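Enquirer: For the sequence shown, position 81 (counting from the first letter as 1) is numbered 81 according to UniProt numbering, and the numbering increases by one without interruption.
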Amino acid sequence: MGGRLLIESDDTITNHQRPSMATTSPENERQMLGFFLVPGVYMRVLADTVRKLGHNDRQLFEGLDFTPADLKANDSRIFVTDATIMAQRAVNLAGKDGLSFALARELRLTIHGTLGFAALTSPTFEGALDSVRRYLQLRAPFLTMKQSVAGDQVLVQLCTEFDVPELYTFLAETVSATLILLTEQLLDREDAARKGFALEDGKLPGVRVHLTSKEPAYYRRYASQLPVVFDYGQPEEMMIFPTGLLGVRMRLADADASEMAREQCEFELQKALKEQGDIAMAVRNMLRMMPGPLPSLETMADRFCVSSRTLKRRLADRDTSYREIVESVLKDRAIQLLRYTNQSVSEIAYELGYADLSNFSRAFRKWTGKSASEFREGGPDPAPEVGP
């Protein structure tokens, strides 16, 4: 049987048990809390979308310990292992019908709760994008977003935190389409037009989505309904925005309301981090959201409300250390900045928190076997890591 549905209150998470589905690995069978819970509303909308596309959505629930009725509670949560099983079944049933784009249309702003409200009321698109980047894992625990600037473009890269290769194409397409549709709906159109971003033939100028997968047959059926062009067969999953778009107002801009919503999201985030079963991933997730220089072990321990000795021991139990995780995050960030920005090596070193360029140079050569300059000049290079 699958994991039991969770109902989350402000103070406790109750009525849970370990998932024991035969298809889950020993690593995934652990009791997963915090970021490893998916809001039930998303799975309910997924099932509804499968049914609207003409398929029997009851098949999605077979062998799982909850029903469609259970998912109607606004505070319902399910284990990410069960969400993965449901999503794979949905793709098998309706993937070829354009499930990803159909689902994206159904994931309206109100479904995303405080995160959606924080984005809607942000003073500008830059604030909305920052809210989504920081709090995305409260809604999609298997994804993170990395953001960088390259010239006059903002690059937003999607990264998976779980090994779900059979679902990655579906997830990337769905999340990209959802964010793009919400962007088009939330922008103040008059302010966008004044800043040169009026819709042109139904498309947002200068905005594109890159996906690594081959263009699916159903894309042409949905292309005219999408406010941007989706480019397939690209090196990485990425959304590209003109930097000028960051300053466009949101339709219901309200700085006070947005700050209140962000505070609530922050509360949820900190609560999830404290309940995180995989402490190594929790630390990595937190570090990824922080600007350089990254905090000390003691500072990070304070964020988790434990002593530095306890955090060190818990990381050792995961066969890693705080230093190793920090270096992994710095490596990923350095590679992104070298790939997608025109910043000098010294500027990148400073941004990452290195006071001495030589220290950064030694670290980068240890990570990649190359100097930063050699890496930037081209040739095969290691991809940024994901996961702990």
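Ideal Cβ positions, reconstructed from N, Cα and C, are used throughout, including at glycine. Nothing here was measured: the structure is a model prediction, and the numbers come from that model.
Any idea if Q17 is buried or exposed, counting beta-carbon neighbours within 10 angstroms, 16 or more meaning buried?
Expert: As a first step, residue 17 must be located in the sequence shown, where it is residue number 17. For Q17, the predicted model reports a pLDDT of 30, less than 50, meaning its position is unreliable; a value from the coordinates is still stated below. Exposed is the call here.
Enquirer: Is it right to say G127 is buried, meaning 16 or more other beta carbons lie within 10 angstroms of its own, or is it exposed?
Expert: In the sequence shown, the residue the question calls residue 127 occupies position 127. Classification of G127: buried, given that the 10 Å Cβ count is 16 or more.
Enquirer: Indicate whether S176 and L211 have their beta-carbon atoms separated by less than 9 Å.
Expert: For the purposes of this step, residue 176 is taken as the residue at position 176 of the sequence shown. For the purposes of this step, residue 211 is taken as the residue at position 211 of the sequence shown. Yes, they are a contact pair.
Enquirer: Classify M281 as helix, strand or coil using the three-state DSSP reduction.
Expert: To locate residue 281, count along the sequence shown from 1; it is residue 281. Helix.
Enquirer: Would you give the residue range spanned by the beta strand (DSSP E) that S148 belongs to?
Expert: For the purposes of this step, residue 148 is taken as residue 148 along the sequence shown, with counting starting at 1. Start and end: 143 to 150.
Enquirer: From R363 to L103, what distance separates their C-alpha atoms?
Expert: Taking the sequence shown and counting its residues from 1, one reaches residue 363 at position 363. Taking the sequence shown and counting its residues from 1, one reaches residue 103 at position 103. In the sequence under discussion, the amino acid at residue 363 is Ala, which differs from the Arg named in the question. So the alpha carbons of these two residues sit roughly 43 Å apart.
Enquirer: Across which residues does DSSP place C159 in a beta bridge pair?
Expert: Here residue 159 refers to the residue found at position 159 of the sequence shown. According to DSSP, which records beta bridges pairwise, C159 is partnered with T144.
Enquirer: Count the C-beta pairs between the segment 217 to 225 and the segment 88 to 100 that are closer than 8 Å, then say yes if the count reaches three, no if not.
Expert: Counting Cβ pairs under 8 Å, three or more are found: they touch.
Enquirer: Cα separation between K52 and L226?
Expert: Residue 52 sits at position 52 when you count from the first residue of the sequence shown. Residue 226 sits at position 226 when you count from the first residue of the sequence shown. Spanning the two alpha carbons is a distance of roughly 19 Å.
Enquirer: In the DSSP assignment, find the beta strand (DSSP E) that holds F170 and state where it starts and stops.
Expert: Numbered from its first residue, the sequence shown carries residue 170 at position 170. From DSSP, F170 is part of no beta strand (DSSP E) but of the alpha helix (DSSP H) over 165 to 186.
Enquirer: Would you kindly check if the distance between the Cβ of R77 and the Cβ of G40 is under 9 Å?
Expert: Along the sequence shown, read from residue 1 onward, the residue named residue 40 stands at position 40. Along the sequence shown, read from residue 1 onward, the residue named residue 77 stands at position 77. Result yes, Cβ atoms of G40 and R77 sit closer than 9 Å.
Enquirer: Per the DSSP calculation, P123 is bridged to which residue(s)?
Expert: Locating residue 123 in the sequence shown gives position 123, where the first residue counts as 1. P123 is not bridged to any residue.
Enquirer: Tell me whether Q270 sits in a helix, a strand or coil according to DSSP, three-state version.
Expert: For this step, residue 270 is matched to residue 270 along the sequence shown. The answer is helix: DSSP assigns Q270 an H, G or I state.
Enquirer: Evaluate A316 with the Cβ neighbour count: other Cβ atoms within 10 Å of its Cβ, from every protein chain shown; 16 or more gives buried, anything less gives exposed.
Expert: Sequence index remark: in the sequence shown, residue 316 carries index 316 (1-based). The residue is exposed, with fewer than 16 neighbouring Cβ atoms inside 10 Å.
Enquirer: Looking at the unbroken beta strand (DSSP E) that takes in M238, where does it start and where does it end?
Expert: For this step, residue 238 is matched to residue 238 along the sequence shown. Segment 238 to 242, the beta strand (DSSP E) holding M238.
Enquirer: Quick check on this structure: which residue in E263, S321, R251 has the alpha carbon closest to the alpha carbon of Q185?
Expert: Counted from its first residue, the sequence shown places residue 185 at position 185. Checking every option, the nearest Cα to that of Q185 belongs to R251.
Enquirer: To which residues of the same chain is residue 389 closer than 6 Å at the C-beta, ignoring the five residues directly before and after it?
Expert: The structure shown does not extend to residue 389, since the chain spans only 1 to 388, so no value can be given for it.
Enquirer: Which partner residues does H210 have in the DSSP bridge list?
Expert: Along the sequence shown, one-based indexing puts residue 210 at 210. In the DSSP output, where bridge partners are listed per residue, H210 has D231, M238.
Enquirer: Between the segment 256 to 274 and the segment 132 to 148, do at least 3 Cβ pairs fall closer than 8 Å?
Expert: Yes, the segment 256 to 274 is in contact with the segment 132 to 148.
Enquirer: Would you kindly check if the distance between the Cβ of S346 and the Cβ of L357 is under 9 Å?
Expert: Mapped onto the sequence shown, residue 357 falls at position 357. Mapped onto the sequence shown, residue 346 falls at position 346. Result yes, Cβ atoms of L357 and S346 sit closer than 9 Å.
Enquirer: Quick check: what's the CA-CA separation for E298 versus G292?
Expert: Counted from its first residue, the sequence shown places residue 298 at position 298. Counted from its first residue, the sequence shown places residue 292 at position 292. For E298 and G292, the distance between alpha carbons rounds to 16 Å.
Enquirer: In angstroms with no decimal places, state the Cα-to-Cα distance between M239 and Y168.
Expert: Taking the sequence shown and counting its residues from 1, the one referred to as residue 239 is at position 239. Taking the sequence shown and counting its residues from 1, the one referred to as residue 168 is at position 168. Cα-Cα distance, rounded: 16 Å.
Enquirer: Do you know offhand how far F101's Cα is from Y222's?
Expert: For the purposes of this step, residue 101 is identified with residue 101 of the sequence shown, where counting begins at 1. For the purposes of this step, residue 222 is identified with residue 222 of the sequence shown, where counting begins at 1. Their backbone Cα atoms lie some 7 Å apart in a straight line.
Enquirer: For R284 and V329, which I take to be in contact (beta-carbon distance under 8 Å), what is that distance rounded to the nearest angstrom?
Expert: In the sequence shown, residue 284 corresponds to position 284, counting from 1. In the sequence shown, residue 329 corresponds to position 329, counting from 1. Confirmed, Cβ separation roughly 6 Å.
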